Each structure stands twice: as C-alpha cells, then as structure tokens.
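S.K.: Numbering (this note's numbering), first residue to last: 778 to 994. Idealized CB from N, CA, C, for every residue including glycine. Predicted model only: the values in this text are computed from it and were never measured. Before I ask anything, let me first share the structure, which is written out below as structure tokens.
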C-alpha cells in the first residue's frame, strides 16, 4: 500500500516519519461520520470560521480528497479517534456528508499527540498558546525536554522556550493572545512583569508596535 502520509519541509519530522514499521495501517475505507470522535490530544481549540466555510463548500462540491487519519477509540466501541483531519471532519458535517474516507492506524497516545502537533504546526494552524500547550503536554505527559521538543518539531530551542514562557502570563493576557488582540511578539515582552495586564491594555489601546512596547518596559 502507498503510504498516505508525505513529509513536508520545514519540520523536524513529517507525518510519514512518525509511522513505525510495527504500526498497523488499514487500507483507506469509508466509515460513518458519526463514528468519529475528537482527538483528546488535539492542541487546536479554535478553527477559523471563514477557512472552515471555504473547506465546507469545497467538500460539498468535490468530497474529501485526503482521507482522515484515525485510530480505534480506546473508550468507545466501534468508534475512531481522529489523529489528523479534524477540520475536514467538521467541514464534512457542515456539508451534510454521512460517510467520510479514513485510514486507520494503530498508534499510542504519544504518537497521537505527535501527529496532531505536526499536522497543525506544518500548516501554521495553531495560535501561540495552543502551540505552547502542545509542547507542554509532550514535556509533562511524555517526559520530553525542551531539546527533544526542539529536535522533533524542527524549531530552535529558544523558540520552544519562548512559547512555553507565554503560559506563565496572566489568564487575561492569554485570552488576548488567543483572540489575536495581542501578538506573540508583544506577549514575549510582558512575561514576568508585575504590570503586564496594564501594559497589555495600553499596547492594544494605543496600537503600539513591538518596538514601541519595548520602550515601555
């Protein structure tokens, strides 16, 4: 069978490299859309509505071209947990499809999280907080360190460290980052500051650039 995963440049490991020789891969098949469940390790929480609507229209016209990658659910019989392709799954529901094409693989929780992070980072679909939370799960739940995350993702250790530091910000600022009211560059300046919330509000109200914000610190 032709491997349905293709490596992409710019990342330490592509999806194809995450499939070991011992991972069982079932051929592409169609399953009921209701038999799919969300990946509990999916780092992505927010989907762009305009992009999702465009994908919905495309699927309505042409169907799903690239199969959704799934594994058997460990909690629900006859269900499949999505490893890669949750956006396609959501769009397929909006498009009114009853069945979707899938490829079933047998992977553990670590591989499930790795797949989800790789897919989203490759496509730049994660906001900075989702990206940081994905890295944190690798560290907290699977004993990765920052060096190992860096090598796995193909980004510098400084990038990984800066992402993780964002999680130390007050929740109010984290929400501003998620809502794209505050950029990652601005947020990095605020880490560790006692008056971070006050400065964040000033950056937004005055529409300050990162360089202008740095002059306030």
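Determine the DSSP secondary structure at residue 807, reduced to helix, strand or coil.
M.R.: If you number the chain shown from 1, residue 807 lands on position 30. Here residue 807 sits in strand by DSSP.
S.K.: I need the straight-line Cα distance from residue 993 to residue 936, nearest angstrom please.
M.R.: Position 216 of the chain shown, counted from the first residue, corresponds to residue 993. Position 159 of the chain shown, counted from the first residue, corresponds to residue 936. Roughly 23 Å between the two C-alpha positions.
S.K.: Quick one: Cα of residue 944 to Cα of residue 954, how far?
M.R.: Walking along the chain shown from the start, residue 944 turns up at place 167. Walking along the chain shown from the start, residue 954 turns up at place 177. Approximately 11 Å, taken between the alpha carbons.
S.K.: Looking at C-beta atoms only, is the number of pairs between the stretch 819-831 and the stretch 842-850 that lie closer than 8 Å three or more?
M.R.: No contact exists between the stretch 819-831 and the stretch 842-850.
S.K.: So if DSSP puts residue 830 in a beta bridge, which residue, or which two residues, is it bridged to?
M.R.: What you label residue 830 is simply residue 53 of the chain shown in a count that begins at 1. In the DSSP output, where bridge partners are listed per residue, residue 830 has none listed.
S.K.: Do residue 832 and residue 861 count as a contact pair if the criterion is CB distance below 8 Å?
M.R.: Working through the chain shown from its first residue, we reach residue 861 at position 84. Working through the chain shown from its first residue, we reach residue 832 at position 55. Going by C-beta atoms, residue 861 is not nearer than 8 Å to residue 832.
S.K.: Just reading off the alpha helix (DSSP H) that residue 872 is part of, what are its end residues?
M.R.: In the chain shown, counting from the first residue as 1, residue 872 sits at position 95. First-last for residue 872: undefined, no H or E at that position.
S.K.: Please classify residue 963 as buried or exposed, where buried requires at least 16 neighbouring CB atoms within 10 angstroms.
M.R.: Working through the chain shown from its first residue, we reach residue 963 at position 186. So residue 963 counts as buried.
S.K.: Quick test of your reading: residue 965 and residue 939, contact by CB under 8 Å. State the CB separation rounded to the nearest angstrom.
M.R.: Sequence index remark: in the chain shown, residue 965 carries index 188 (1-based). Sequence index remark: in the chain shown, residue 939 carries index 162 (1-based). At roughly 6 Å, the Cβ-Cβ gap stays under 8 Å, so residue 965 and residue 939 are in contact.
S.K.: For residue 873, is the classification buried or exposed, using 16 other Cβ atoms within 10 angstroms of its Cβ as the cut-off for buried?
M.R.: For the purposes of this step, residue 873 is identified with residue 96 of the chain shown, where counting begins at 1. With fewer than 16 other Cβ atoms within 10 Å, it is exposed.
S.K.: Out of 830, 828, 878 and 859, state which residue places its alpha-carbon closest to the alpha-carbon of residue 840.
M.R.: Walking along the chain shown from the start, residue 840 turns up at place 63. With distances taken between Cα atoms, residue 840 lies closest to 878.
S.K.: Sort 924, 922, 890 and 925 by Cα distance to residue 911 and report the nearest one.
M.R.: Along the chain shown, read from residue 1 onward, the residue named residue 911 stands at position 134. Taking only the C-alpha atoms, the option nearest residue 911 is 890.
S.K.: Provide the residue(s) that pair with residue 847 in DSSP beta bridges, ordered along the chain.
M.R.: Residue numbering aside, residue 847 sits at position 70 when the chain shown is read from its first letter. BP columns for residue 847 point to 859 and 881.
S.K.: Mark residue 907 as exposed unless 16 or more other C-beta atoms lie within 10 angstroms of its C-beta, in which case mark it buried.
M.R.: By one-based count along the chain shown, residue 907 stands at place 130. Its Cβ being crowded by 16 or more others within 10 Å, residue 907 is buried.
S.K.: Looking at C-alpha atoms only, which residue of 829, 814, 960 and 947 is the closest neighbour of residue 854?
M.R.: Stepping through the chain shown from its first residue, residue 854 is reached at position 77. It is 814 whose Cα lies nearest to the Cα of residue 854.
S.K.: Would you kindly report the start and end of the unbroken alpha helix (DSSP H) that includes residue 947?
M.R.: As a first step, residue 947 must be located in the chain shown, where it is residue number 170. No alpha helix (DSSP H) holds residue 947; DSSP gives it neither H nor E.
S.K.: Does the Cβ-Cβ distance between residue 967 and residue 950 come in under 8 Å?
M.R.: Residue 967 sits at position 190 when you count from the first residue of the chain shown. Residue 950 sits at position 173 when you count from the first residue of the chain shown. Yes, they are a contact pair.
S.K.: Check the DSSP bridge columns for residue 1002 and list the partner residues they point to.
M.R.: Limits of the chain in this structure are 778 at one end and 994 at the other, which puts residue 1002 out of reach.
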